[in-house]
Every structure is written in C-alpha cells, then in structure tokens.
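Chains as they are written, first to last, in UniProt numbering: chain P, 1 to 263; chain E, 1 to 263.
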C-alpha cells in the first residue's frame, strides 16, 4: 500500500500569513500522496460580525444557523480554500480545493435536534467518506484541499468540524493507503509540562498513554484530542502526529516531528 | 473523439431558484461529458453593498479591487459554486466545484494597466487552459463546475468573465473532445425580431451570419457574442448554441434548442 498523509491546520496557521507560507512550502516538500484539511479562522468571525451575524455558541460549539452557514460556505469554501490552493499551485503542489459536496466525497447527516438545535452541522458516519472517489483524484495526480464543509446528499451544505473531517478521511482511506494523520496546532506536540516547549513527548502508544493519564501528565484539553487519535488508530490509521505547523518541514527531512501516536 | 458540452449560465438563472433547479435537472439528464461554467449574480453585488464595497464600473466592466476580489472569491468560488455542486449531487451528477486555480486548470494573466487599471482581472491566453488536467477529471467520472475565477500561477486569484472562461475551455479542450459550447441567456436564442420569441433563428453559419448582419437583423449587443462564437468555432469548437436555460432539456431529448452556430 502507498502512504498518505492527511494534515489538518487550524486558524492559528491560517490567520498568520508567515506561518501559512512556511507551512505550505513544507507541505509541498512532503513526498507522496497527501491531503490538506483546513478550518476557518478569524476571517469567518470578522465577516459574520461585519454582516451583523452574531456568533452563537453553546457549550463551546458554534451554532450554525442559515446565515452562519452562508458565511462559512463563503469563507471556508471560497476565500480561504481558494487562496490556499492558489498558493500551493505557486509552490508546485497540484492542489484542488474541495468541500464534502464535491465529488460526493464526504456525505454527512444533519445533527438531530435533541436538547440543542445545532443548526446546519453535519455529523460523520462510518460510510461518510467516499474513499474510491478521493483515491481517483489522488491517482490522477491531484492534492485535495478540504475545507470544513460537507453536504447531506439532498442539496444541503453542512458545517463539519475540521478535526473530525481529517480523522474521518484518515480512517476512511486507511483501507486503500497507509494513512498518517497529522494535527498541526500551536504547541510542539504533547508536552510533559505545558509551559515548557522542551518537554515534548516524542512517542506515545496505548500503554504509555494510560501511564501518562494515571500520572496526571495528560489531562483536560488534551484528553479528547488523544482519545480521538487512538480511536482513529484503532480503526486502521497507521499513526497520528500532533505537532506545530512550523515544524512540518522536519517530517520531509526524515527527522522526528511532534508527538507520534501509534500502536 | 468523445463529445463534451461546455454550458455557461449567468445571473438570470442563478438568481432564480426555480430556473436554477429546472436547469440543473436538465443538465443532469444530458448524456456524456459536460462542464458547467457559472457567473455571479445579485448575491455578489448585495454582499459587496452590505460590506460597504462600492461596485466600480468603467465602460460597463467591473473594476476588481482587492476588496471586490475577496467578495467574488467568497461568493462565486464558495457560496454559489458549492450550492450548485450540492444540488447537482442531489440530482445525481458527480459534480466537482472549481476555479482556475484548482488543478492549475486555467492560468490567466493579470490585465496590464494601460489607461484603465482593471485591478485583479485575469486575461486568458492561448495556453491558459490545462486540457490534460481537466481531461483527467472528466475521465475519472467527475463533472467540473467552474466559477468565474482564475489564478496567475504566482499565488494570486483573479476575476475572469464567465463567458470568456466557457469559450476558452471549449477551444482548449477541442483537441481532445468534440466540444459544443452552450450559452444560456434570457432569450430563446438569436431572434429575427427581438420582441418576438417566436422569431428564433435555428441555424447560423458564417455566410448566413454575414447576410443577417448586412440586413441589419443582427446588431448591437448580439454582435460581440456572435463574433466570439464564430471565433471559437474557427479555433476548433464544433458548434456554439445560444438559448434559454429553461430549454436546455430539449437538447437531451434530441430536439432542437436555441440557435445553433456552426461552420
């Protein structure tokens, strides 16, 4: 099986032009098949504010009403996605910008209303990812760039968390490729001491993960991230790497990058 | 050679939800390879107004300053493009939404400043269209949906007229496919009497075109449209059809649709 990197970047990279360019250059240098997944950033929030659309949050999650869906479709699917694609083309990556609607690549289900109506938010199922379709693109020499948007197959665009999309792609494509899922965030990786960037933990397997949790070294915000990472590994993903976008270049150089989670 | 339809729709279809759905259904029923090209519509103008960006026109042409470019990248490349793709997927067309930056499919040149600075407007060259790349997508079973955006290959998105993009695609792909270029507009086709929709001229070849011009039947606004159409035919396009979007279904039924221009 060929290798495939699925790399997710968030607002902290997108909002900083220098970081973004450094990242896109390093991304271009990575050999082999790769997929980029990006979230939003300040631009969506700012545009929403300018248009008088209030960001509605419940329990830290954005409520996607129809006006917010329009904004994210414009900003994620248009402005950010196409500018990243144009930059990647400049660096020599044959990028193609996508949402889950394109090629029916990621079909989601509008989140059912229980106590909270999240609006036009798409949840991912086991069979959401159209692995064959995405593979056809990869085989034709294209590098997909996914924004955090899906569709329901009935004509409705939906907003889906970029971390979730990246993970679903890595799992969904693990039957066809040796997939490595990479989350770029604002730290060098999983740190023993959150205030010390030199305390990076380079490798974590499930046993070590249990030890780190028991010792209280990994806690709070990192727990769901790592739980989801090990879940993806359980579903066939080769490894999950969590690291700083600025360090992606090390991966191309064969050096170690961030924290590597694997079985 | 296989056949390929390149079909352009404008604001009059996009702005009318009923027209759009009727069109997308007819588009889906068309057999064989096809490409959709869409322009903007009222949404871009409205969003620009809400954001306080004044639409700047010189000689009937939109000046694309950086703020306007952001708006059209959001609206054409995001909102309109992705909603059309999601609708087409619902109807069963395996659409994939694109700009010229994606796959480096259409590389344009920023219009040089002479007397007027048009801003971020992309002009098309003979070698702008990446026919091989687009053909790879078509062969993989995708139906490309292009918005009126290109790039310069140096990381800059550009705004390019949708009619021009459609024509460039038809010419550029005519070496690989028997291309038919279809312009959908608000009339049934070329009319003998502009106020009489029953006065449709069904076929025009270059000789007949000269006669119609000499007789003063074709004049003013239709002249550049038809001149460009015959230019495209001169460059290898099999036929150009000009007709009403509502009538596209007739083409799938094998009936005559609009005005057919050919050699």
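Even for Gly, the Cβ is constructed at its ideal location relative to N, Cα and C.
Under 7 Å Cβ to Cβ from residue i, same chain only, skipping five residues before and after it: list those, please.
i             : result
residue 170/P : 6, 179, 181, 232 and 237
residue 247/P : 188, 257 and 258
residue 217/E : 192
residue 125/E : 109
residue 228/P : 167
On the DSSP bridge assignment, give the partners of residue i in chain order.
i             : result
residue 151/P : 107/P and 157/P
residue 143/E : 95/E
residue 123/E : 109/E
residue 239/E : 180/E
residue 62/P  : 57/P
residue 203/E : 260/E
residue 3/E   : 178/E
residue 36/E  : 7/E and 145/E
residue 13/P  : The partner list for residue 13/P (beta bridge, DSSP) is empty, contrary to what the question assumes.
residue 21/P  : Answer is none; residue 21/P lacks a bridge partner.
residue 191/P : 200/P
residue 277/E : Lying before the first or after the last residue shown, residue 277/E is absent from chain E, which here runs from 1 to 263.
residue 219/E : Partner(s): none; residue 219/E has no beta bridge.
residue 185/E : 244/E
residue 85/E  : In DSSP, residue 85/E forms no bridge with anything.
residue 43/P  : The partner list for residue 43/P (beta bridge, DSSP) is empty, contrary to what the question assumes.
residue 129/P : 106/P
Could you tell me which chain E residues have their CB closer than 7 Å to the CB of residue i, listed as they occur along the chain?
i            : result
residue 99/P : 82
Cβ closer than 8 Å: which chain P residues qualify as neighbours of residue i?
i            : result
residue 75/E : 74 and 78
residue 89/E : 101, 104, 151, 153 and 155
Here's the rule: buried if 16 or more other CB atoms are within 10 angstroms of the residue's CB, otherwise exposed. What is residue i?
i             : result
residue 222/P : buried
residue 224/E : exposed
residue 202/E : exposed
residue 81/E  : buried
residue 215/E : exposed
residue 102/E : buried
residue 164/E : buried
residue 58/E  : exposed
residue 128/E : buried
residue 254/P : exposed
residue 141/E : exposed
Got a sec? Which residues, its chain only, sit under 6 Å from residue i by beta carbon, not counting five neighbours each side?
i             : result
residue 130/P : 104 and 105
residue 88/E  : 24 and 95
residue 37/P  : 8, 146, 162, 165 and 166
residue 172/P : 129 and 131
residue 97/P  : 81, 82, 85 and 145
Under 7 Å Cβ-Cβ, which residues of chain P neighbour residue i?
i            : result
residue 96/E : 102 and 103
residue 85/E : 101 and 102
By the criterion of Cβ-Cβ separation under 9 Å, what are the contact partners of residue i in chain P?
i             : result
residue 142/E : 102, 103, 133, 136 and 137
residue 50/E  : 50, 51 and 52
May I have the straight-line CA-CA distance separating residue i from residue j, to the nearest angstrom?
i             : j             : result
residue 8/E   : residue 99/E  : 14 Å
residue 13/E  : residue 20/E  : 5 Å
residue 113/E : residue 66/E  : 15 Å
residue 90/E  : residue 62/E  : 34 Å
residue 107/P : residue 84/E  : 16 Å
residue 250/E : residue 160/P : 39 Å
residue 151/P : residue 78/E  : 14 Å
residue 16/E  : residue 190/P : 52 Å
residue 53/P  : residue 41/P  : 16 Å
residue 35/P  : residue 121/E : 30 Å
residue 166/E : residue 244/P : 42 Å
residue 176/E : residue 205/E : 24 Å
residue 92/E  : residue 44/E  : 28 Å
residue 115/P : residue 60/P  : 15 Å
residue 56/E  : residue 11/E  : 18 Å
residue 290/E : residue 109/E : No answer is possible for residue 290/E: it lies beyond the span of chain E, which begins at 1 and ends at 263.
residue 208/P : residue 239/P : 15 Å
residue 263/E : residue 234/E : 8 Å
residue 86/P  : residue 143/P : 12 Å
residue 119/P : residue 18/P  : 34 Å
residue 49/P  : residue 49/E  : 15 Å
residue 111/E : residue 39/E  : 19 Å
residue 4/P   : residue 260/P : 16 Å
For residue i, I'd like the list of residues in its chain whose CB is within less than 8 Å of its CB, leaving aside the five on either flank, ordered along the chain.
i             : result
residue 47/P  : 71, 74 and 75
residue 252/P : 26, 29, 30 and 31
residue 193/P : 199
residue 219/E : 213
residue 2/P   : 32, 33, 177 and 178
Could you tell me if the beta carbon of residue i falls within a distance shorter than 7 Å of some heavy atom in the ligand ADP?
i             : result
residue 157/P : Within the structure as shown, the ligand ADP is missing, as the structure has no ligands at all.
Starting from the beta carbon of residue i, find every residue of chain E whose beta carbon is closer than 8 Å, and list them in chain order.
i            : result
residue 70/P : 79
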